[in-house]
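Comments concern the structure below.
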Amino acid sequence: MAKEPTFAQQLERLEEIVRRLESQELDLDEALKLFEEGVEGLRVMRERLSSAEAIVKQVLRTEDLDQ
Amino acid sequence: MGFELDLFVAASAEGAWTVAEVTRRARAVVEAGLPPLWVRGEVSGFKRWRSGHWYFALRDGTAQLRCVMFARDNLRLPTAPVDGMQVFVFGRPTVWEEKGEFRLTVLELLSTEGGGLWQLAFEKAKAALVRAGLLDPARKRRLPAYAQRIAVITSADAAALRDIVAVVARRWPLAELLVLPTRVQGEGAVAELCAAFRLLGRVRGLDVAIVGRGGGSKEDLGAFNNERVARAVAAAPVPVISAVGHETDVTLCDLVADFRASTPSAAAAAATPDREEVLDHVAHLGARLGRGVASRVDRGAQRLERTLDRLRGMMALRLERHRHQLASTSGRLDALSPLKILERGYSLARDARGRVLRRVTQFPAGLAFRLRVSDGEVSARVPES
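Those protein sequences? They're chains A and B, same order as listed.
One point on numbering: in this note's numbering, the residue at position 25 of the first sequence is 25, and numbering is uninterrupted.
One point on numbering: in this note's numbering, the residue at position 354 of the second sequence is 1354, and numbering is uninterrupted.
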């Protein structure tokens, strides 16, 4: 199972995409591909940011950690 | 009066007492005559036995008093006194029969100085942590910018926990809070806190941990001044935010932690970004993304334009070259033209049907023919004879 990237990783990736798009040395194809990835990243991040409630979980035993 | 009678009997050798009888009697006399009392003096010759019992003497300028403080009594104290320390002790004067020694069984011991033993224990533990390099500012880890999993070590029913949950829910609801409930004071608090910190190593994807006290301001912070707890904080696999001490009362746990917060709410705020700010940042990135690709596409269009220009230029150049070639070819063609030859004075004879007449035999007498010269034709005829 692929591990979902953390919010920090997603944000970092988006920042990298923007930096590369703003730099000069990209061919158009690549630029469009990056743009698509960036738009998708934006969508996922907005979605995550709109989640309603923090999850609170009590850890009483080590078994509680295994998930 | 009974004592006097006994002493009288012992005055002759026949009535000699055993050692045990004398010491037992001495003990009875001392314990009856001297009730438990407070004594002030300077600690000297302090020794801790393997059994956990403490042995020392109390001195002043002229006398000394042997003291013992049993493990069950000294366990409550934060640390042992050191030689030279001025203390108050509360104890029962007695005679230790096996050694025939007059001594004080100490039940309570207080330093005469302000912070007393707690202060001493704090300084000792702090010195040990300094020696271990655990208070080095360079050890402080940076807090995560976008924490996803936050461990909270505090008592489960405390106001501190409610405050932390409320702040995280408002600022950064993406986060998952893992609460590790522990006692934070009294019996077992030290062991539970240490165990909770050890447990952190088993939490997957943990970003940061918050340790908080129970709530009230007059709480006993002893557990957070315990050296073992401080070392457990230092050994935590993620940065630790301590919201334990009071403003005037910094604990060892605060000193060792990567970040010290004044309240549990402040700790929660330090552990999380503000969602609104992050949304702004993301929106800004979105705008830059759009502009970035637009300008890239624009640059592409411009380049295409430039390429077309160059292509056109090249085509024009090539056409020009062709045209030039054509001119020179036609020049050469021109040079080969028979008209040029005619210009040089030659002429061309053709009969009425246009055939070129090349030989004398083609010119019979009386033949009419046409002569082509450089600027036109003239009619001609071969004479009749």
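Idealized CB from N, CA, C, for every residue including glycine.
Checklist entry - Is there contact between the region 1068 to 1077 of chain B and the region 1124 to 1142 of chain B, where contact requires at least three CB pairs shorter than 8 Å? => result No, the region 1068 to 1077 of chain B is not in contact with the region 1124 to 1142 of chain B.
Checklist entry - Looking at chain B, which residues of the region 41 to 58 of chain A have a Cβ within less than 7 Å of any of its Cβ atoms? => result Contact residues of the region 41 to 58 of chain A toward chain B are 42, 45, 46, 48, 49, 51, 52, 53, 54, 55, 56, 57, 58 (C-beta to C-beta distance below 7 Å).
Checklist entry - Listed in chain order, which residues of the region 1298 to 1319 of chain B have Cβ atoms closer than 7 Å to some Cβ of chain A? => result Those would be 1300, in chain order.
Checklist entry - Should the region 1275 to 1285 of chain B be regarded as contacting the region 1250 to 1266 of chain B, the criterion being three or more beta carbon pairs within less than 8 Å? => result The count of Cβ pairs closer than 8 Å, one atom from the region 1275 to 1285 of chain B and one from the region 1250 to 1266 of chain B, stays below three, leaving the stretches out of contact.
Item to check | Local conformation of residue 1207/B per DSSP, three classes | outcome: The count along the second sequence starts at 1 and reaches residue 1207/B at position 207. Assignment of residue 1207/B by DSSP, reduced to helix, strand and coil, places it in the coil class.
Item to check | Coarse secondary structure for residue 58/A, derived from DSSP in three states | outcome: The residue you call residue 58/A lines up with position 58 of the first sequence. DSSP, reduced to helix, strand and coil, places residue 58/A within a strand of the structure shown.
Item to check | Rounded C-alpha distance that separates residue 29/A from residue 1142/B | outcome: As a first step, residue 29/A must be located in the first sequence, where it is residue number 29. As a first step, residue 1142/B must be located in the second sequence, where it is residue number 142. C-alpha separation (whole angstroms): 39 Å.
Next on the checklist: So that I know if they touch, is there some Cβ in chain A lying closer than 8 Å to that of residue 1181/B?
Outcome noted: Residue mapping note: residue 1181/B aligns to position 181 of the second sequence, counting from 1. True, the Cβ-Cβ gap to chain A drops below 8 Å.
Next on the checklist: Within 8 Å of any Cβ in chain A, is that where the Cβ of residue 1144/B sits?
Outcome noted: For the purposes of this step, residue 1144/B is identified with residue 144 of the second sequence, where counting begins at 1. Closer than 8 Å to some Cβ of chain A, the Cβ of residue 1144/B qualifies, so yes.
Checklist entry - If the cut is a Cβ gap below 8 Å, which residues of chain A does residue 1193/B touch? => result Sequence index remark: in the second sequence, residue 1193/B carries index 193 (1-based). The CB of residue 1193/B never comes closer than 8 Å to any CB in chain A; the least such distance is about 14 Å.
Item to check | First through last residue of the beta strand (DSSP E) which encompasses residue 1086/B | outcome: One-based indexing of the second sequence puts residue 1086/B at position 86. Residues 1086 to 1096.
Checklist entry - Looking only at C-alpha atoms, which of 1207/B, 1221/B, 1315/B sits nearest to residue 1145/B? => result Your numbering for residue 1145/B matches position 145 in the second sequence. Of 1207/B, 1221/B, 1315/B, the smallest CA-CA separation from residue 1145/B is found for 1207/B.
Next on the checklist: Short of 7 Å in beta carbon distance, which residues of its chain neighbour residue 1217/B, apart from the five on each side in sequence? Order them along the chain.
Outcome noted: For the purposes of this step, residue 1217/B is taken as the residue at position 217 of the second sequence. Because residue 1217/B carries a pLDDT of 48, less than 50, the predicted location of this residue cannot be relied on, and the following value inherits that uncertainty. Beyond the five residues adjoining it in sequence on each side, residue 1217/B comes within less than 7 Å, by CB distance, of 1246 in the same chain, given in chain order.
Checklist entry - Going by alpha carbons, who is nearest to residue 38/A out of 51/A, 22/A, 55/A? => result Taking the first residue of the first sequence as position 1, residue 38/A is located at position 38. Selected option, being the one with the closest Cα: 22/A.
Checklist entry - Under 8 Å, do residue 1174/B and residue 7/A count as touching if we go by C-beta distance? => result Taking the first residue of the second sequence as 1, we reach residue 1174/B at position 174. Taking the first residue of the first sequence as 1, we reach residue 7/A at position 7. Closer than 8 Å, so yes.
Checklist entry - Cα separation between residue 20/A and residue 49/A? => result On the first sequence, position 20 is the one that residue 20/A refers to. On the first sequence, position 49 is the one that residue 49/A refers to. Taken atom to atom, the span from the alpha-carbon of residue 20/A to that of residue 49/A is near 24 Å.
Checklist entry - At a Cβ threshold of 8 Å, is residue 1148/B touching chain A? => result As a position in the second sequence, residue 1148/B is number 148, starting the count at 1. Taking 8 Å as the CB threshold, residue 1148/B lines the interface with chain A.
Next on the checklist: Considering Cα atoms alone, identify which of 1138/B, 1083/B, 1099/B is closest to residue 1111/B.
Outcome noted: Looking up residue 1111/B in the second sequence gives position 111. Selected option, being the one with the closest Cα: 1083/B.
Checklist entry - Grouping DSSP H, G and I as helix and E and B as strand, with all else coil, what is residue 1141/B? => result Residue mapping note: residue 1141/B aligns to position 141 of the second sequence, counting from 1. It is coil, neither helix nor strand.
Checklist entry - Between the beta-carbon of residue 1229/B and the beta-carbon of residue 1236/B, is there less than 8 Å? => result Here the question's residue 1229/B lines up with position 229 in the second sequence. Here the question's residue 1236/B lines up with position 236 in the second sequence. No, these two residues do not count as a Cβ contact at 8 Å.
Checklist entry - For residue 1327/B, does the count of other Cβ atoms within 10 angstroms reach 16, so buried, or fall short, so exposed? => result Along the second sequence, read from residue 1 onward, the residue named residue 1327/B stands at position 327. Taking every protein chain shown into account, the CB of residue 1327/B has fewer than 16 other CB atoms within 10 angstroms, so this residue is exposed.
Item to check | Beta-carbon neighbours of residue 16/A, restricted to chain B and to distances below 8 Å | outcome: Along the first sequence, read from residue 1 onward, the residue named residue 16/A stands at position 16. Residues of chain B with a Cβ closer than 8 Å to the Cβ of residue 16/A do not exist; the shortest Cβ-Cβ separation is about 10 Å.
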